[in-house]
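Right, one structure below, let's go through it.
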Ligand code: PEP
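Residue numbers (my numbering): 50 to 296.
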């Protein structure tokens, strides 16, 4: 069985001192049966990682597809590795929509991350207009295959299905619909990559909170959650970890 993966994406929230307060509180909570990851801002990564319980993985929210050089404002894989960070979220819908990251850019970032031995959480998901036309499966398939174009080994990739209309809106996709899409994604991976589809973890993200986490996490093809808003509060994030542990 795939271990449940409880991941928090803080986006552009929390200063380094707020991150430290969070770390001190979550360090007091023990868990055994799930994997946990948190993605603070770039500026907090190093100090956060140093004080955080070593059981919790720390992740960047983005990285550059370039090695180094004249890319003002960008952060490279070697800068992240140097501070002990080897996880990254790539292709979040906010990066795709607000920072114009195309599938080609996402693909270049995934390739760069894998080449430098990062573990990647690759985000996919349709907008409301796509869902309204019942085209969500085609859309997600296209995003998945284009984001993975030319990549042969996907063992260090986790997929996060995050319907855009459910992110930060309070509207959750029903557990049934989330399961259906995650099953579709597993089948697409199976067709293109074979048996590894049974090992790859597929997460759901979009308004996950303590009250709905258990139902979502209990679905067969949902191996974890990527949590935005509810990961900012240490108590609610712990409740979501407990939901994963209870299964
Ligand atoms: C996210 O940022 O990936 C996310 C799912 O946000 P929220 O949980 O706030 O909807």
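Idealized CB from N, CA, C, for every residue including glycine. The structure presented is a predicted model; accordingly, all values stated were derived computationally and were not measured.
- In this structure, the alpha-carbon of residue 117 lies about 12 Å from that of residue 161.
- Just measuring C-alpha positions, the residue of 264, 206, 223 sitting nearest residue 214 is 223.
- For residue 152, the CB contacts under 7 Å within the same chain, skipping 5 residues up- and downstream, are 192, 195, 196 in chain order.
- Under the DSSP assignment, residue 138 falls in the beta strand (DSSP E) whose first and last residues are 136-139.
- One Cα belongs to residue 181, the other to residue 147, and the distance between them is close to 22 Å.
- The alpha-carbon separation between residue 219 and residue 255 amounts to approximately 8 Å.
- For residue 261, same chain residues with a beta-carbon under 7 Å away, outside a window of 5 residues either side, are 221 in chain order.
- Straight through space, the alpha carbons of residue 68 and residue 104 are spaced by roughly 17 Å.
- With a threshold of 16 other beta carbon atoms within 10 Å, residue 129 meets it and is buried.
- Closest in alpha carbon position to residue 286, among 246, 175, 79, is 79.
- Annotation for residue 180 indicates a beta carbon at 7 Å or more from all heavy atoms of ligand 1.
- According to DSSP, residue 84 shares a beta bridge with 54.
- In the structure shown, the three-state DSSP call for residue 250 is coil.
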